[in-house]
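Take a look at the structure below.
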Amino acid sequence: MVLETFSVAFNNIRNQKLRSYLTLLGIVIGIAAIVSLIGIVQGLQNFIGSELQSLGMNSIFVEPGSEMGMTTAVSRSLKADDLDVIRGVPGVKDATGFWETSATMKFKDQEAEVLLVGMEPDKMFMLEDMGYVEITEGREFTNTDMFSVGLYSDFAEETFDDPIQLRQTVELNGKKFRVIAISKPNTFASSFGASNMVLVTKDVVQKNFDEEDPVELIVTVNNTSEITDVQEEIEKRLEKKHGSKDFYTMTSENLLSGADAILGLVGLVVFVIAGISLLVGGIGIMNTMLMTVMERTREIGIMKAIGASSNLVLSLFLFEAGLIGLIGGILGVVIGALIGLLASVAASYEGFPFSALPSMELIGGALIFSLVVGMISGWIPANRAAKMDPVEALRFE
Amino acid sequence: MAEAVIKAVNVVKTYNMGLVQVHALSGVSFDLLKGEFVSIMGPSGSGKTTLLDVLSVLSRPTSGEVFINKKPISKMDDNELAKIRGQTIGFVFQTFNLINRLSAKENVMMPLWFQGVPKGEREKIAEKILKDVGLGDRINHKPSELSGGQRQRVAIARALAVNPDIIVADEPTGNLDSVSGDQIMDLIVDLNKKHGKTILMVTHEEDIAANAERIVRLKDGKIIADEKVKKKK
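Going line by line, the protein sequences match chains G and W. With our numbering, letter number 234 in the first sequence gets 234, and the count goes up by one each step, no holes. Take any residue in the second sequence, note its place counting from 1, add 1000, and you have its number in our numbering.
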């Protein structure tokens, strides 16, 4: 009986093709917006979460400047001996820094601007733990590596016409360096636009490029549960040493919650827009169903005269409205998933390998929601049909 | 005396036409006995269609009571009335009232659907009844592809689908030429004589009404005559 009601409702929709398609449009747009945008937000959330997770939840980052200004590369408020202060804080397991400078790399008569990143060879394991570096060819750096560089494989392959091989020589500001290590691509760095990073020891930056101080410090703690206390203590001691708070600290958790807050706001905006679209879509369904009920007044009268109960008439029109909603929902999910797919492809191309495809929960939720929107919109028209007086309906011209 | 399948007691039906109250029926009492063929006659505006509507539980009386197989309808809700219309009473209308986008067979199947008969069985019943009324070669035609007489046959087939005891017909020949009208009347008389259906028919034509055993005459919402038909042999 339920199946029959469904097929009768479906035939009625098919008989009013153009009008039904136009009615679907509002729901299709609303559901497509929800599915694609929530899919993208969820994909971004997962991507950022996993990237930050790989940095380790026991890490504290010390950056120059204030949290509001993105002055990492410009201001030089951190000092090399800040590391000594940090290493003295109880609960700190290890600390290291990045010494950065820009340089011109020359390889077989071609030149490219690069970002030299100097690190402490004996603390390189920290960078490996965080996934910044993973050497796949060559060897680790040592303190005596004054003319050695490490390259990310994507940089080595793509920067110049010819790929740079292990043990080949490149020039940095006129001095010759030997490639001693190749690392796998660094997705985290490249996603922030630093795809031209070249690894050297900190001594190279300090002695050859006269950059005495690090631009960023990385600290790990013994116990993740103490991370906030350690973070506060570092801030206190560094502020005392510097005489002012010309730096700020962050944990992976701070970064994650910051990203979540922004994505949450985006999600809210999406919800409002999609909600408005679905409301309009719902009103569209209601309008169409009211017209349908009007047009079929006589038919409703006939059906009631020959034994259709009010309940059956009600369910027939509710089904029809629900079905319009559901068909709109299915089309919306398909279009939303396609938009998500396009967004994923475009994002991967730009170096953010994340999936914006909707999850099964999102698809299921969207379909149920569209069905419910249809049925709620159909409630008033269906009730009007169910309550029709058979005599009046039969004589309706 | 046979028992009353439909019994009306002091039925009043009033319509509100804006400020004016129209008394379509003012105190009608009437018994339709099992197996009877009764014609309701009267000039237009006499209330005959209103009486038919009330007797066939299409509408409720403003006051008074209608009993179907001895059960008062005032105690029934709308879904129960729908059940009576779907199981006990078959309707034939002047304007056929078929659903135009459905085939003859689908129209006949419809009341069976409301009674929860499975689809396969519905198809069998519909095909058999359409054959019985002489439309065996028209079962998949839409109403627009049929003549008036054929449409009324489909409507009669639909009325018979659930095998009801009572057939209610509102001017069944009103939209037909005389030849088709006579054929439809023969069919209705057959239903009464051969199949034992109780028939209640509204008409304003004397010779059509004369097919019945009993004629009830209505004027201004009141019964003015109720007499047996003298059969011309």
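Ideal placement from N, C-alpha and C gives every residue a C-beta, glycine not left out.
Euclidean distance between Cα positions of W/A1008 and W/K1105: The sequence position of residue 1008 of chain W within the second sequence is 8, counting from 1. The sequence position of residue 1105 of chain W within the second sequence is 105, counting from 1. So the two alpha carbons sit approximately 35 Å from each other.
Using Cβ-Cβ distances below 7 Å, what residues of the segment 1013-1035 of chain W are close to chain G? From the segment 1013-1035 of chain W, no residue has a Cβ closer than 7 Å to chain G.
What's the call for W/K1015, buried or exposed, on a 16-neighbour Cβ count within 10 Å? Locating residue 1015 of chain W in the second sequence gives position 15, counting from the first residue. Position check: residue 1015 of chain W holds Tyr in this sequence, whereas Lys was assumed. W/Y1015 comes out exposed.
Can you pull out the residues from the segment 302-316 of chain G whose beta carbon lies closer than 8 Å to at least one beta carbon of chain W? I302, M303, K304, A305, I306, G307, A308, S309, S310, N311, L312
Taking G/W379 and G/L318 to be in contact with their CB atoms under 8 Å, please state how far apart those CB atoms are, rounded to whole angstroms. Sequence index remark: in the first sequence, residue 379 of chain G carries index 379 (1-based). Sequence index remark: in the first sequence, residue 318 of chain G carries index 318 (1-based). Contact between G/W379 and G/L318 holds, with the beta-carbon distance rounding to 7 Å and staying under 8 Å.
Shorter than 8 Å from the beta carbon of W/T1062 to some beta carbon of chain G? On the second sequence, position 62 is the one that residue 1062 of chain W refers to. At a cut-off of 8 Å between beta carbons, W/T1062 makes no contact with chain G.
Which residues in chain W have a C-beta closer than 9 Å to the C-beta of G/N15? List them in chain order. Looking up residue 15 of chain G in the first sequence gives position 15. R1101, listed in chain order.
So what does DSSP say about W/K1007, is it helix, strand or coil? Along the second sequence, read from residue 1 onward, the residue named residue 1007 of chain W stands at position 7. Strand, per DSSP.
Strictly below 7 Å CB to CB, what residues from chain G border W/N1010? Stepping through the second sequence from its first residue, residue 1010 of chain W is reached at position 10. Ordered by position in chain G, no residue passes the 7 Å Cβ test against W/N1010, which lies about 20 Å from the chain.
Are there three or more Cβ pairs, one per stretch, closer than 8 Å when the segment 58-68 of chain G is compared with the segment 369-385 of chain G? no
Validate contact between the segment 89-98 of chain G and the segment 213-220 of chain G using beta carbons, cut 8 Å, 3 pairs: yes
Does W/N1163 come within less than 8 Å of chain G when only Cβ atoms are used? Residue numbering aside, residue 1163 of chain W sits at position 163 when the second sequence is read from its first letter. No, its Cβ sits nowhere closer than 8 Å to a Cβ of chain G.
Could you tell me whether any Cβ in chain G is nearer than 8 Å to the Cβ of W/S1180? Here residue 1180 of chain W corresponds to residue number 180 of the second sequence, with the count starting at 1. Not one chain G Cβ lies under 8 Å of W/S1180.
Report yes or no: is there a C-beta of chain G within less than 8 Å of the C-beta of W/Q1087? Within the second sequence, numbered from 1, the residue matching residue 1087 of chain W stands at position 87. It does; some Cβ of chain G falls within 8 Å.
Would you decide whether G/P390 is buried or exposed? Buried here means 16 or more other CB atoms lie within 10 Å of its CB. Against the first sequence, residue 390 of chain G aligns to sequence position 390. Of the other Cβ atoms in all chains shown, 16 or more fall within 10 Å of the Cβ of G/P390; this residue is therefore buried.
Could you list which residues in chain W have their beta carbon closer than 9 Å to that of G/D389, in chain order? Working through the first sequence from its first residue, we reach residue 389 of chain G at position 389. Those within 9 Å of G/D389 in chain W are L1058, S1059.
Any C-beta of chain G under 8 Å from that of W/R1158: Residue mapping note: residue 1158 of chain W aligns to position 158 of the second sequence, counting from 1. Yes, its Cβ sits closer than 8 Å to a Cβ of chain G.
Alpha-carbon to alpha-carbon, G/E51 and G/L213: If you number the first sequence from 1, residue 213 of chain G lands on position 213. If you number the first sequence from 1, residue 51 of chain G lands on position 51. The sequence given here places Asp at residue 213 of chain G; Leu does not occur at that position. Their backbone Cα atoms lie some 27 Å apart in a straight line.
Buried versus exposed call for G/S148 [16 or more other C-beta atoms within 10 Å across all chains shown]: Numbered from its first residue, the first sequence carries residue 148 of chain G at position 148. It counts as buried.
Can you tell me whether W/D1170 is buried or exposed, with buried defined as 16 or more other CB within 10 angstroms of its CB? Here residue 1170 of chain W is taken as the residue at index 170 of the second sequence, counted from 1. When all chains shown are included, W/D1170 counts as buried.
In chain order, what residues of the same chain have a beta carbon less than 8 Å from the beta carbon of W/V1216, not counting five sequence neighbours either side? Position 216 of the second sequence, counting from 1, holds the residue named residue 1216 of chain W. The beta carbon of W/V1216 sits closer than 8 Å to the beta carbons of F1030, V1038, S1039, I1040, M1041, I1223, A1225, D1226 from its chain, once the five residues preceding and following it are set aside; these are given in chain order.
Using 10 angstroms around the beta-carbon of W/R1138, count the other beta-carbons present and answer buried if the total reaches 16, otherwise exposed. One-based indexing of the second sequence puts residue 1138 of chain W at position 138. Buried, because 16 or more other Cβ atoms sit within 10 Å of the Cβ of W/R1138.
State the DSSP-derived secondary structure class of G/T251, mapped to helix, strand or coil. Walking along the first sequence from the start, residue 251 of chain G turns up at place 251. G/T251: strand per DSSP, three-state reduction.
Residues near G/M126 by beta carbon distance below 8 Å, same chain, minus five either side: Here residue 126 of chain G corresponds to residue number 126 of the first sequence, with the count starting at 1. The answer, listed in chain order, is D94, T96, I218, T220.
Cβ of W/M1201 within 8 Å of Cβ of W/P1172? The sequence position of residue 1201 of chain W within the second sequence is 201, counting from 1. The sequence position of residue 1172 of chain W within the second sequence is 172, counting from 1. In this structure, W/P1172 lies closer than 8 Å to W/M1201 by Cβ.
What does the alpha-carbon distance come out to for the pair G/F61 and G/R87? As a first step, residue 61 of chain G is located in the first sequence; it is residue number 61 there, counting from the start. As a first step, residue 87 of chain G is located in the first sequence; it is residue number 87 there, counting from the start. Each residue's alpha carbon lies about 14 Å from the other.
In three-state terms, what does DSSP make of G/Y132? Working through the first sequence from its first residue, we reach residue 132 of chain G at position 132. G/Y132 falls in the coil class under three-state DSSP.
What does W/Q1152 pair with, by DSSP beta-bridge criteria? Your numbering for residue 1152 of chain W matches position 152 in the second sequence. DSSP output for W/Q1152 lists no bridge partner at all.
Quick check: W/R1151 and W/V1133, are their CB atoms within less than 8 Å of each other? As a first step, residue 1151 of chain W must be located in the second sequence, where it is residue number 151. As a first step, residue 1133 of chain W must be located in the second sequence, where it is residue number 133. Their beta carbons are not under 8 Å apart, which means W/R1151 does not touch W/V1133 by this criterion.
I need the straight-line Cα distance from W/K1013 to W/F1091, nearest angstrom please. Translated into the one-based positions of the second sequence, residue 1013 of chain W becomes position 13. Translated into the one-based positions of the second sequence, residue 1091 of chain W becomes position 91. Going from the Cα of W/K1013 to the Cα of W/F1091 covers about 21 Å.
Excluding the 5 residues preceding and the 5 following G/V117 in the sequence, name in chain order all residues of the same chain whose CB lies nearer than 6 Å to its CB. Translated into positions along the first sequence, residue 117 of chain G becomes position 117. The residues are F98, E100, M197, L199.
Buried or exposed (CB count within 10 angstroms, at least 16 for buried), G/M119: For the purposes of this step, residue 119 of chain G is taken as the residue at position 119 of the first sequence. Within a 10 Å sphere around the beta-carbon of G/M119 sit 16 or more other beta-carbons, which makes this residue buried.
Would a check of beta-carbon distances place G/E4 closer than 8 Å to chain W? By one-based count along the first sequence, residue 4 of chain G stands at place 4. Yes, G/E4 counts as interfacial toward chain W.
Let's see if you can read the secondary structure: which residues bound the alpha helix (DSSP H) around W/D1207? Numbered from its first residue, the second sequence carries residue 1207 of chain W at position 207. Looking at the DSSP string, the run of the alpha helix (DSSP H) that includes W/D1207 is 1206-1209.
Which stretch, first to last residue, makes up the alpha helix (DSSP H) that contains W/Q1183? Reading the second sequence from its first residue, position 183 is the one you call residue 1183 of chain W. 1178-1193 is the extent of the alpha helix (DSSP H) around W/Q1183.
Is G/K123 helix, strand or coil by DSSP? Walking along the first sequence from the start, residue 123 of chain G turns up at place 123. G/K123: helix per DSSP, three-state reduction.
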